[in-house]
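The opening position of the sequence shown corresponds to residue 1 in the UniProt record's numbering, with each subsequent residue numbered one higher.
Glycine residues also receive a C-beta, built at the ideal position from the N, C-alpha and C atoms.
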Amino acid sequence: MARKNHNRGANQPELSTLLSTESILGPSWVPVYKKDVDFSAEHFEAAMSNLIREPNINSTVIMRADILSDSSVNEPDKKINISKLEDIPRASDSDGEVLHRDLQDVKLRTIPLENGLSLKPRIDIVRRIIPRNPYKDHIIIQTCLVLANDESKTILVVYVPHIKNVDETPFYLPKVYGIGLLYHNSSVSIHYLPFDYENVDTIKMLKQLDPSDRDVRIALRLLNTSCKHSQGAKDGYEKRVNHDLVVPKIAFQNRYISLKKKYAADLVSRWQESTNPTKHVFEDLAIAAFLIEFWLKHYGEDKTKFQFRDLGCGNGLLVYILIMEGYTGKGIDARKRKSWKIYPEKVQENLLEQIIIPNVLLRPHPAYAEIAPGMIDNGRLFQVPDPATPKNSVPLVSYYTAGNLLASSLVSTTEEFPPNTFIIGNHSDELTCWIPLFNFPFMVIPCCSHALNGAKVRFNPRKGSKNNATSTYGSLVDHVQDLATLMKWKVEKEMLRIPSTRNAAIIGVTKTEPEDLEMTNKRIYDLVAMEGGAEGWVENSMALMKKPPRGH
């Protein structure tokens, strides 16, 4: 498959190359592009500091950078090793080989510089670049140098990959020894340092590149990105979303790379649903990677400490991945999906066609149970339209008692779940607001707004919210978080790295204070009443079994 090399600066005015001119950095360097700007050196340095740590902004092929060392010349004692040399994606015997260039070579690189600009070293960084597919693109080590002249407000940022020659250059980098981005006299320019830069012929060859050449196009993209982010620093841009608050980024991404290599191609090729296979497969692989690392953090290596239940599991893909990775659990959905039949028997037998009816809707209220301890159900009668009614006929209605439903194998009340259950709600629609009320550790990824009765609803923004323009989705996420808090869960929130704009995960594993079961049950009934009740849930849920499945 051909890989796209997106030009993030495509909407910028066209610039002429400077390849035929001399570089201000010295005769070994070749200038490529230059752009006049109206931000300061401080804005440029702030933006480049972020781009050094987030190279994925420059290339969709790159997943992340691991900072191996970061030393400030002005603070020689400030030398930190953030990532370990071992923290790279690992392959099992069946996965194939993870590609890399000498990962032990972490010695800082130097550059030739004609120092008419009087630049002095400020920061030396060694980073490891991890591509999204390290089975196709090499992991490399790279030196990042920041040099400055505070008097002239000049900043130079240099990237030098730790590779030996042009042939070792990974796809995501230009085929040069070094890249220099220079802020000087209210302009930003990009310069290339070729391999064998002492050879005049090598420099001549670089100067003869056509503007359409890939290395020249990369230079333009790097220049435009640095200018865009520098302007953002000037304009006071603040990052709206913070990731990796619950699970470390390195652990998540390494796990994701491994799962993607192991399952993605096979799942996409055998996709049975009418929905986009690439989006759904990669999304559920990312959710599985997050869950596995989260469970390792909370439960340790012992996979028998808990079981999972994926409520509203849809195509069963997440259940399949987790079971194949050695976890015990089941997926439950109101309608069986076509995809279920492609999974191994051990997965199929754990995909259940059931509806979820919370036990509080079928059991007697605690006040009644106290005076009549023999009551096992609340005695309610539910009527559900029969889809078998012929057209233009009197509607047929089926009647079900609470006792019927409690005894039905097609109904799950969650009472049958083991005490060590962890509930997953992955875009579980009507169940979203119920999941924090089930009194099991959980992770729910809200998608569509539904009240406890199953009806669509738009929740109001939180009172006192500084953002009066909170979206429907934002209000839903806040509402689920508030319900979890009222249930005494110690709530964690993570914006997942998945290909979806609806990527907020609300997580509850421990309670903020101990509480006996009787008090918890009373709290659930009170919350249901506070939410306006759940009248219609049973009827709406049973109707789901008769409708075509949705694309989750």
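Residue i versus residue j: straight-line alpha-carbon distance, rounded
i: TYR197; j: HIS191; result: 13 angstroms
i: MET542; j: ASN392; result: 23 angstroms
i: LEU173; j: GLU114; result: 25 angstroms
i: LEU156; j: ILE57; result: 19 angstroms
i: LEU245; j: ILE498; result: 15 angstroms
i: LEU476; j: ILE507; result: 15 angstroms
i: SER20; j: LEU209; result: 10 angstroms
i: PHE44; j: ALA529; result: 55 angstroms
i: residue 623; j: LEU517; result: Residue 623 is absent from the model: the chain starts at 1 and stops at 552.
i: ASP167; j: HIS243; result: 36 angstroms
i: ALA451; j: LEU145; result: 54 angstroms
i: TRP340; j: GLN272; result: 9 angstroms
i: LEU491; j: THR512; result: According to the sequence shown, residue 491 is Val rather than Leu. So the two alpha carbons sit approximately 9 angstroms from each other.
i: ILE357; j: VAL444; result: 18 angstroms
i: GLU97; j: LYS136; result: 9 angstroms
i: GLU22; j: THR60; result: 32 angstroms
i: LEU220; j: ARG214; result: 10 angstroms
i: VAL380; j: ALA369; result: A small fix is needed here, since residue 380 is Arg in this sequence, not Val. Roughly 15 angstroms between the two C-alpha positions.
i: PRO344; j: ILE141; result: 41 angstroms
i: PHE459; j: HIS479; result: 7 angstroms
i: TYR399; j: GLU539; result: 10 angstroms
i: ARG337; j: GLU238; result: 43 angstroms
i: PRO121; j: PHE440; result: 55 angstroms
i: LEU117; j: ASN133; result: 40 angstroms
i: VAL247; j: PHE306; result: 19 angstroms
Residues near residue i in its chain [Cβ-Cβ closer than 8 angstroms; skip 5 each side]
i: ASP186; result: It is Ser, not Asp, that sits at residue 186 in the sequence shown. Excluding residues within five positions, the ones whose Cβ falls inside 8 angstroms are ASP36, VAL37, ASP38.
i: ASN165; result: PHE195
i: LEU222; result: ASN58, ILE179, LEU181, ILE190
i: VAL397; result: GLN383, VAL384, PRO385, ASP386
i: LEU352; result: LYS330, GLY331, ILE332, ASP333, SER412
i: THR389; result: PRO395, LEU396
i: GLN348; result: TRP340, LYS341
i: LEU317; result: LEU267, HIS280, VAL281, ASP284, SER339
i: SER40; result: LYS153, LYS234
Same chain, Cβ closer than 7 angstroms to residue i, five either side skipped, listed in chain order
i: ALA455; result: GLY536
i: LEU18; result: PRO31, VAL32, TYR33, LYS34
i: LYS488; result: LYS511, THR512, GLU513, GLU515
i: HIS229; result: ALA47, ASN50, LEU51
i: ARG64; result: ASN56, ILE130, LYS249, GLN253
i: THR485; result: VAL491
i: LEU431; result: LEU311, GLY312, ILE356, GLY425
i: TYR263; result: LEU285, ILE321
i: THR520; result: ASN439
i: SER500; result: GLU283
Beta bridge counterpart(s) of residue i as assigned by DSSP
i: GLN142; result: ARG127, PRO161
i: GLY96; result: According to DSSP, which records beta bridges pairwise, GLY96 is partnered with nothing at all.
i: SER541; result: According to DSSP, SER541 bridges with nothing at all.
i: ILE323; result: Its beta-bridge partners do not exist; DSSP assigns none.
i: ARG309; result: LYS330, ILE423
i: LEU517; result: DSSP output for LEU517 lists no bridge partner at all.
i: TRP489; result: LYS511
i: ALA504; result: MET495
i: SER412; result: ILE356
Nonlocal neighbours in the same chain, by C-beta distance under 6 angstroms from residue i, ignoring five residues either side
i: HIS138; result: LEU99, HIS100, ARG101, PRO170
i: ALA251; result: GLU293
i: ILE80; result: With a pLDDT of 49 at ILE80, under the threshold of 50, the predicted position of this residue should be treated as unreliable, and no value is reported.
| query | Are three or more beta carbon pairs between the region 329-340 and the region 285-294 nearer than 8 angstroms? | reply | no
| message | Ignoring anything shorter than 4 residues, give me the alpha helix (DSSP H) runs that lie fully in the region 168-244, in order along the chain. | response | 200-207, 214-234
| query | Three or more beta-carbon pairs under 8 angstroms between the region 314-324 and the region 276-288, yes or no? | reply | yes
| query | Below 8 angstroms, can you find three or more Cβ-Cβ pairs linking the region 361-369 to the region 394-413? | reply | yes
| query | Taking contact to mean at least 3 C-beta pairs separated by less than 8 angstroms, is the region 300-320 in contact with the region 414-427? | reply | yes
| task | Run through the region 20-90 for me and flag every whole alpha helix (DSSP H) of 4 or more residues, listed as ranges in chain order. | result | 41-53
| said: Whether or not the region 60-71 and the region 118-126 are in contact is what I'm after, with contact meaning three or more pairs of Cβ atoms, one per stretch, closer than 8 angstroms; do they touch? | reply: yes
| task | Can you check the region 342-399 for any beta strand (DSSP E) of at least 3 residues that lies completely inside it and give the ranges in chain order? | result | 351-353, 381-385
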